[in-house]
Amino acid sequence: MTTPASPPARPVKQKKSGFLSNMIFNIVIPAMILSRFSGEDALGPVWGVVVALAFPLLFGLWELVKLGKVNFYSILGIISVLLTGGISLLQLDPSYIAIKEAMIPAIIGIVVLVSQYTPFPLVKKLLINPDLLDTDKLYQALAAQTNRELFEQRVARAGYIVASAFFVSAVLNYVLAKAIVISQPGTTAYAEELGRMTWLSYPVIVLPVMVMLMGAIIYMFAQIGKLTNQPLEEFILE
696 MTTPASPPAR PVKQKKSGFL SNMIFNIVIP AMILSRFSGE DALGPVWGVV VALAFPLLFG
756 LWELVKLGKV NFYSILGIIS VLLTGGISLL QLDPSYIAIK EAMIPAIIGI VVLVSQYTPF
816 PLVKKLLINP DLLDTDKLYQ ALAAQTNREL FEQRVARAGY IVASAFFVSA VLNYVLAKAI
876 VISQPGTTAY AEELGRMTWL SYPVIVLPVM VMLMGAIIYM FAQIGKLTNQ PLEEFILE
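According to this note's numbering, the residues represented by the sequence shown are 696 to 933, in order.
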């Protein structure tokens, strides 16, 4: 009697790095290097910038290799680091830093907004994540309540909130960079200003934007319960 073959093991899905890892490699370490080790008695202003930017750059590349696929946001992050390095090493006018800081979130906001008018809105992938929600069960419940079309309208509304969050980020990034980074690249003052901007970017920019994004998520979760007439827990994957 032959034993039935056991089903093939499912490949282990690599998870993205957590919030703490992102904070350490993208904000804490670069800011410490720029603030404390970019003086002439340490790494110097040029090498201070190079070493500080190496951490988010290598971290972003490592994430791309680990996940095994190209991530649009990771690519933008890497481009952002390379642009900062290029502006610093070429000693361009510091106003380019403000433009660069505003450009990245503005591009994301535009992409999110434009995708609203395509069959594949990015916000649906972000908020109605099949790794978190049983989407088949969700859409069946929506169809049973004849609320599928209304649900798509609510997703579109959440998309505008998400796009707005990135546009707010672009404005705040520009204002913060313009106010802080005023020294010429290649100087210790410039490296320290980059460090100060990195430190302040979290409370000044990230927190307000996160509040808007969380608002969009809470709004969508509330709509799921309202339009399916079932508690959200019914659709969350274990």
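Cβ coordinates follow ideal geometry from the N, Cα and C atoms, glycine included.
| message | By DSSP's criteria, Ile931 is part of a beta bridge. Which residues make up the other side? | response | According to the DSSP secondary-structure assignment, Ile931 is paired through a beta bridge with Leu828.
| Straight-line CA distance for Gly920 to Ala836? | Between Gly920 and Ala836, the alpha-carbon positions lie close to 10 Å from each other.
| Coarse secondary structure for Leu785, derived from DSSP in three states | Collapsing the DSSP output to three states places Leu785 in coil.
| query | Taking the continuous alpha helix (DSSP H) assigned at Thr893, which residues delimit it? | reply | Counting along the chain, the unbroken alpha helix (DSSP H) around Thr893 starts and ends at 883 to 896.
| Roughly how many angstroms separate the alpha carbons of Ile782 and Ile913, rounded to a whole number? | So the two alpha carbons sit approximately 39 Å from each other.
| request: Compare the Cα-Cα distances from Tyr897 to each of Ile770, Asn842, Leu871 and report the closest residue. | output: Among Ile770, Asn842, Leu871, the Cα nearest to that of Tyr897 belongs to Leu871.
| task | Count the other C-beta atoms from every protein chain shown that fall within 10 angstroms of the C-beta of Val744, then say buried if there are 16 or more, exposed otherwise. | result | The Cβ neighbour count for Val744, taken over all protein chains shown within 10 Å, is at least 16; the residue is labelled buried.
| request: Please report the Cβ distance between Gly804 and Phe861, rounded to the nearest whole angstrom; I am assuming they are in contact, meaning their Cβ atoms lie under 8 Å. | output: Contact between Gly804 and Phe861 holds: CB atoms are separated by about 3 Å, below the 8 Å threshold.
| By how many angstroms is the C-alpha of Tyr855 removed from the C-alpha of Lys819? | Taking the straight line from one Cα to the other gives about 12 Å.
| request: Tell whether a beta-carbon distance below 7 Å holds between Pro789 and Val899. | output: Pairing Pro789 with Val899 gives a Cβ-Cβ distance that is not under 7 Å.
| field | Expected contact under 8 Å - CB spacing of Val857 and Leu821 to nearest Å | value | Right, their Cβ atoms sit about 7 Å apart.
| query | Run through DSSP, which three-state label would Pro751 get? | reply | Residue state, collapsed to three classes: helix.
| message | Within 8 Å, do at least three Cβ pairs link the stretch 770 to 777 to the stretch 794 to 804? | response | Contact between the stretch 794 to 804 and the stretch 770 to 777 is present, because at least three Cβ pairs lie under 8 Å.
| Does the ligand GDP have even one heavy atom less than 6 Å from the beta-carbon of Asp826? | Ligands displayed in this structure: none; no statement on the ligand GDP is therefore possible.
| Residue burial classification, Tyr812 (beta-carbon count within 10 angstroms, cutoff 16) | Its Cβ having fewer than 16 others within 10 Å, Tyr812 is exposed.
| field | Straight-line Cα distance separating Asn842 from Ile794 | value | Per the coordinates, the alpha-carbon of Ile794 lies some 43 Å from the alpha-carbon of Asn842.
| field | Cα-Cα separation between Leu787 and Gln848, rounded to whole angstroms | value | Spanning the two alpha carbons is a distance of roughly 45 Å.
| request: My understanding is that Val850 touches Pro816, with C-beta atoms under 8 Å, so please give their C-beta distance in whole angstroms. | output: Right, their Cβ atoms sit about 7 Å apart.
| How many angstroms separate the CA atom of Trp757 from the CA atom of Ala839? | Rounded to the nearest angstrom, the two C-alpha atoms are 44 Å apart.
| query | Thinking just about the alpha-carbon of each residue, which of Val866, Ser864, Thr893, Ala853 is nearest to the one in Thr779? | reply | Out of Val866, Ser864, Thr893, Ala853, Thr893 has the C-alpha closest to the C-alpha of Thr779.
| Boundaries of the alpha helix (DSSP H) in which Tyr869 is found, first to last residue | 843 to 875 is the span of the alpha helix (DSSP H), which, as asked, contains Tyr869.
| query | Between Lys832 and Phe930, which are expected to be in contact by the criterion C-beta below 8 Å, what is the C-beta distance as a whole number of angstroms? | reply | Between Lys832 and Phe930 a beta carbon distance of about 6 Å is seen, short of the 8 Å cut, so the two are scored as contacting.
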